[in-house]
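Working notes, structure below.
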Amino acid sequence: MSKRLLIDARQSEETRVITTTNDIIDDFEYEVHSRRQLKGNIYLARVTRVEPSLQAAFVEYGGNRQGFLAFSEIHPDYYRIPIEDKKKLLAEASAKTDEELSSNEDISEDTTDDYNEEELKKIKRNLYRNYKIQEVIARRQILLVQVVKEERGTKGAALTTYISIAGRYCVLMPNTPRGGGVSRKIGNITDRKRLKKIVDDLDVADGMAVIIRTAGSKRTKTEIKRDFSNSISIWENVKKLTLESNAPFLIHEEGSLIKRAIRDLYNSEIDEVLVEGVEAYKVCKNYMKAVMPSHAKKVQQYNDDRNPLFQKFKLDAQLQDIFNPRVNLKSGGYLIIDQTEALVAIDVNSGKATRERSIEDTALQTNLEAAEEFARQSRLRDLSGLIVIDFIDMEEGKNRNLVEKKLKEAMRKDRARIQIGEISNFGLLELSRQRLRPSVIENSSEICPQCGGSGRIQSIEVSAIQILRSIEEEGISNDNIGIQDFSTF
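Under our numbering, residues 33 to 521 are what the sequence shown spells out, in order.
This is the structure we're talking about:
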């Protein structure tokens with residue numbers, strides 16, 4: 033079984049990244065340089081409006097629209113309160129974080145959090161309920177913020193003042209109350225204890241937290257310490273540049289897609305990393321040497337003008353299928369994927385699948401195949417938010433359980449946070465998937481100006497009747513207009 037990470041950056045305007053297993057696409061990321069990702073960027077920002085009714089502030093940070101900063105995402109360091117009160121609040125936050133995280137060492141099978149983010153959010157909400165945003169935050173106040181959600185439609189980016197710097201093996205949270213630990217996706221107890229000891233041995237300053245990512249589960253203390261040191265260096269540069277800059281200003285960019293791909297998609301099971309594009313190869317090679325020097329030899333430059341990288345491995349046809357709402361299954365069944373404003377609807381159809389002995393067996397096998405394929409498609413297309421899958425009806429409860437189990441197993445490799453429900457009596461399963469970035473369709477297309485995005489236009493018959501009705505109404509309302517009927521045969 034061959035695994036590859038392929039990077040196509042021969043066009044200066046775009047970068048495409050693919051991971052494959054036996055030349056079948058597992059992950060796909062795409063970035064047009066005119067629409068670069070904002071998520072993870074750190075900005076020096078200025079408060080433009082404090083909104084008591086929302087308990088939030090709107091800030092100017094340098095994006096196309098003003099950013100949205102919820103009160104729970106504002107660190108107490110920015111509160112305009114007496115110093116003693118601020119010290120007391122920070123001490124309480126530190127103690128509460130230690131208590132909460134230590135009590136959540138149990139592993140939950142259903143959780144897919146990459147780290148203990150939900151616990152930290154709950155702590156922030158509980159601690160600051162004694163204050164109102166209008167009492168402690170003022171207009172024109174300067175804040176250091178990080179983008180946590182991209183701009184979308186008419187909505188500005190969602191921001192936080194709780195900074196996090198993601199490395200290859202660990203996440204540094206430089207202004208989060210004490211705490212940290214190990215990703216809850218790492219279920220091996222021995223690994224968790226070993227990694228927890230490594231975290232305890234790191235020289236983490238007061239007021240900081242470090243969490244080991246899933247990619248660090250089998251890493252040595254030396255590798256994790258090197259990654260931690262890189263994150264500390266980034267934070268030191270952020271602090272230095274912050275003091276030298278005027279708001280609004282971009283302080284730190286999360287990094288190019290190439291670096292993010294090595295950080296988030298690469299693993300030791302990948303046999304080779306092929307890069308097309310001279311500059312992209314240099315960036316990839318240097319970054320790999322910095323974070324994983326022992327793996328740098330796997331990074332190779334691809335040079336063949338007559339046979340581009342993706343064409344060589346026959347991947348272009350697979351990429352085109354991402355834009356097709358229909359996904360064919362090997363059994364003869366198929367999925368229909370419909371992305372709407374409210375939710376993503378997935379319809380499972382048996383199609384030509386007739387190999388099984390009974391209708392129930394056909395439904396079960398098609399649903400099992402559909403569950404596995406959906407998990408892959410959700411990563412490829414970046415499907416997020418509320419998702420409803422309409423499975424083929426199954427009479428037996430044990431079969432529904434098998435499909436639910438298959439779906440959970442297939443989605444475990446997903447980096448997004450996922451919550452999965454159960455199949456209802458109507459054959460519907462609801463799940464939610466974290467929005468990591470804009471979907472492929474959002475990134476590479478625009479709404480049709482003719483149909484407004486519906487994909488349909490009014491029929492000729494209905495349009496003709498509307499025209500006749502308008503003429504008739506105009507004639508009735510204006511006596512001076514005469515209507516003459518001409519017929520052609």
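Glycine included, each C-beta is placed from N, C-alpha and C at the ideal position.
Bear in mind that the values here come from a model prediction, so they are computed numbers and not experimental data.
- Residue 332: member of the beta strand (DSSP E) spanning 331-333, first to last residue.
- Excluding five sequence positions before and after residue 506, none of the CB atoms of its chain fall closer than 6 Å to its own CB.
- Between residue 422 and residue 380, the beta carbon gap of about 6 Å places them in contact (Cβ cut-off 8 Å).
- A distance below 6 Å between beta-carbons, with the five flanking residues on each side excluded, links residue 196 to the following residues of its chain, in chain order: 203 and 205.
- In this chain, the beta strand (DSSP E) harbouring residue 202 covers 202-205.
- Annotation note: the region 452-486 contains the following uninterrupted beta strand (DSSP E) runs of length 3 or greater, listed N- to C-terminal: 460-465.
- Counting along the chain, the unbroken beta strand (DSSP E) around residue 366 starts and ends at 366-371.
- Each of 396, 401 and 198 was checked against the Cα of residue 430, and the nearest Cα belongs to 396.
- In this structure, residue 176 places its C-beta atom within 8 Å of the C-beta atom of residue 193.
- A direct Cα-to-Cα measurement between residue 366 and residue 451 gives close to 24 Å.
- Judged by their CB atoms, residue 41 and residue 309 are nearer to each other than the 8 Å cut-off.
- One alpha carbon belongs to residue 102, the other to residue 74, and they sit about 16 Å apart.
- The alpha-carbon separation between residue 493 and residue 504 amounts to approximately 17 Å.
- Under the criterion of beta carbons closer than 8 Å, residue 165 and residue 110 do not qualify as touching, at roughly 11 Å.
- Taken in chain order, the complete alpha helix (DSSP H) segments of 4 or more residues contained in the region 252-331 are 253-276, 289-296 and 310-323.
- In the same chain as residue 45, and ignoring 5 residues on each side of it, the C-beta atoms closer than 8 Å to its own belong to 64, 65 and 66, in chain order.
- About 4 Å separates the beta carbon of residue 279 from that of residue 78, a gap short enough to meet the 8 Å contact definition.
- Residue 52 is positioned such that its CB atom lies closer than 8 Å to that of residue 36.
- Judged by beta-carbon spacing, residue 412 lies beyond the 8 Å limit of residue 100, meaning their Cβ atoms are not closer than that value.
- Inclusion of residue 317 and residue 328 in the CB contact set at 8 Å is warranted, their separation being smaller than that value.
- With a 10 Å radius around the Cβ and a threshold of 16 neighbouring Cβ atoms, residue 105 comes out buried.
- In the three-state reduction of the DSSP assignment, residue 497 falls in the helix class.
- The C-alpha of residue 401 is placed about 18 Å away from the C-alpha of residue 428.
- Residue 236 sits away from residue 70, with the two beta carbons spaced by 8 Å or more.
- By the 16-neighbour rule on beta-carbons within 10 angstroms, residue 498 is exposed.
- The Cβ-Cβ distance between residue 323 and residue 232 does not fall below 8 Å.
- Where residue 360 is concerned, the enclosing beta strand (DSSP E) starts and stops at 358-360.
- In this structure, the alpha-carbon of residue 459 lies about 12 Å from that of residue 453.
- The Cβ-Cβ distance between residue 253 and residue 230 falls below 8 Å.
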